[in-house]
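Numbering (the numbering used here), first residue to last: 9 to 310. For glycine and all other residues, C-beta sits at the position ideal for the given N, C-alpha and C. Since this is a predicted model, take the numbers as computed values, not measurements.
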Amino acid sequence: MCRLIDDIAAFLKENGFECSRQIRDDYDVITAKTADGGYTRIILPLEIKASSAGEARFISMGTECCISFIASSEGYPLIITEDRWNSQRNMMQKRLMAHLELFSQAYARNCEVRRIDKAEAKAFLSENHSYGYAACRYCYGLFLKRQTGHIAEEGPDSNIGKLIAVATFSNARKWIKDGKEIRSYEWTRYASLPDMRVSGGMGKLLKAFIKDVQPDDIMSYADLEWSEGKVYETLGFEGEGIKEPVTFVVDGETWKRFPVRSGMTEVRSDMAGHNNIDGTYGNLFFRNFGSRKFRLKLTEYK
Numbered sequence: 009m010c011r012l013i014d015d016i017a018a019f020l021k022e023n024g025f026e027c028s029r030q031i032r033d034d035y036d037v038i039t040a041k042t043a044d045g046g047y048t049r050i051i052l053p054l055e056i057k058a059s060s061a062g063e064a065r066f067i068s069m070g071t072e073c074c075i076s077f078i079a080s081s082e083g084y085p086l087i088i089t090e091d092r093w094n095s096q097r098n099m100m101q102k103r104l105m106a107h108l109e110l111f112s113q114a115y116a117r118n119c120e121v122r123r124i125d126k127a128e129a130k131a132f133l134s135e136n137h138s139y140g141y142a143a144c145r146y147c148y149g150l151f152l153k154r155q156t157g158h159i160a161e162e163g164p165d166s167n168i169g170k171l172i173a174v175a176t177f178s179n180a181r182k183w184i185k186d187g188k189e190i191r192s193y194e195w196t197r198y199a200s201l202p203d204m205r206v207s208g209g210m211g212k213l214l215k216a217f218i219k220d221v222q223p224d225d226i227m228s229y230a231d232l233e234w235s236e237g238k239v240y241e242t243l244g245f246e247g248e249g250i251k252e253p254v255t256f257v258v259d260g261e262t263w264k265r266f267p268v269r270s271g272m273t274e275v276r277s278d279m280a281g282h283n284n285i286d287g288t289y290g291n292l293f294f295r296n297f298g299s300r301k302f303r304l305k306l307t308e309y310k
């Protein structure tokens, strides 16, 4: 892990953050002061080193214990995996600085929601969401219409009209409850610019979707690699348990990750030269920490 943790620490120091390397539950972590010096955040760098799915599962179980240990007393850590750092470094660096309170601030009241096409949503999410674009039916964009607060310091009108956040939703899944058809939708993606905090952005996009589509309920997942999903609770969603962790095969050259399917014997064709998943060709494995499932019921049913 030395290279990953050293790279992250060097980046922080180059950008003026006070940080140090420490140990939490036998894991190397970085403690870093926020930009204003008022708080200390915990950064958990995770090297991708498993050579089999079984080894990845064993490592993940230990890491989950470490995350719980940190979260119990110091808040949920910022987890930075080696593949994300190497393949999406620009995005990860911006997220890291935002985590340490160095970001532009925008407010939903100063933005407008518009329906956007899939091409625009795909371009934005490919650049700003850790998992990129996913198939969807409805796409919404949040555009800045006036500037206040920290974002105004970037220059007069420099961001007016800019797309700063995107939310996408699936088509309806329908079933009958008590003789009534229930239309349920999945909130598939949300992302804002990684160096911008959009206060109220998720809520404003959600309200626009509800107004347009009038769903009976909406479900979504919070990836525990990133957060516990508390923002969903503030939006009125209720937790519905945990989705099982996913194991990925990681190309050690491109650092792209692909989910390992049950019974899978070959990886996707876009991993050229890496035909097996047993580590023979240098593939690595990573098992994430699962997801929390949330649901917002807009129609009463049992």
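>> So for G209, helix, strand or coil by DSSP?
In response: helix
> Helix or strand or just coil, what does DSSP make of D220?
Replying inline: helix
>> Strictly by DSSP, which residues pair up with Y309?
In response: DSSP, once it has assigned bridges, lists no residue as partnering Y309.
> Should E233 be labelled buried (16 or more other beta-carbon atoms within 10 Å of its own) or exposed?
Replying inline: buried
>> Quick check on G169: buried or exposed, where buried means 16 or more other Cβ atoms within 10 Å of its Cβ?
In response: exposed
> Can you list the beta strand (DSSP E) stretches of 3 or more residues lying completely in the stretch 120-184, in chain order?
Replying inline: 146-152, 171-177
>> Comparing C-alpha positions only, which one of R92, C27, G70 sits nearest to F266?
In response: R92
> To the nearest angstrom, how far is it from the Cα of I51 to the Cα of N167?
Replying inline: 30 Å
> Nearest-angstrom Cα distance between E308 and N118?
Replying inline: 33 Å
>> Any contact between the stretch 39-47 and the stretch 102-121? By contact I mean 3 or more CB pairs, one from each, below 8 Å.
In response: yes
> Between N348 and A199, which are expected to be in contact by the criterion C-beta below 8 Å, what is the C-beta distance as a whole number of angstroms?
Replying inline: Because the chain here runs from 9 to 310, residue 348 falls outside it and cannot be looked at.
> How about L133 and Y141: do their beta carbons lie closer than 8 Å?
Replying inline: yes
>> Please tell me whether G209 and A173 are closer than 8 Å, where the distance is taken between their beta carbons.
In response: yes
>> Taking only three categories from DSSP, how would you classify A61?
In response: helix
>> Rounding to the nearest angstrom, what Cα-Cα distance links K188 and D224 in this structure?
In response: 11 Å
>> Less than 8 Å between the beta carbons of V239 and F294, yes or no?
In response: no
> How long is the line joining the alpha carbons of R154 and E241, rounded to whole angstroms?
Replying inline: 29 Å
>> Report the start-end ranges of each alpha helix (DSSP H) in the stretch 48-96 that is 4 residues or longer and not cut off at the edges.
In response: 61-82, 90-95
> According to the Cβ coordinates, are L12 and E55 closer than 8 Å?
Replying inline: yes
> Under the DSSP definition of a beta bridge, which residues are partnered with G247?
Replying inline: F302
> Roughly how many angstroms separate the alpha carbons of W263 and E22, rounded to a whole number?
Replying inline: 25 Å
> With a CB to CB cut of under 6 Å and the five nearest residues on each side skipped, what residues in its chain are close to T176?
Replying inline: A129, C144, C147, T196, R197
>> Just verifying my parser: in three-state terms, what is the DSSP assignment at A106?
In response: helix
> K310: beta carbon under 7 Å from a heavy atom of the ligand FMN?
Replying inline: Judged by which ligands are present, the structure shown has none, so any question about the ligand FMN falls away.
> Between the Cα of Y193 and the Cα atoms of E261, E252, L304, which residue gives the shortest distance?
Replying inline: L304
>> Check for me: the alpha helix (DSSP H) holding L12 runs from which residue to which?
In response: 10-22
>> For a test of the three-state rule: what should DSSP assign to V254, helix, strand or coil?
In response: coil
>> Between L213 and L150, how many whole angstroms is the CB-CB distance? I'm expecting something under 8 Å.
In response: 6 Å
> Are D33 and C73 touching if we call contact CB-CB under 8 Å?
Replying inline: yes
> So which of V206, D220, M99 has the shortest CA-CA distance to R123?
Replying inline: D220
>> Taking the beta strand (DSSP E) that V37 belongs to, which residues open and close that run?
In response: 35-41
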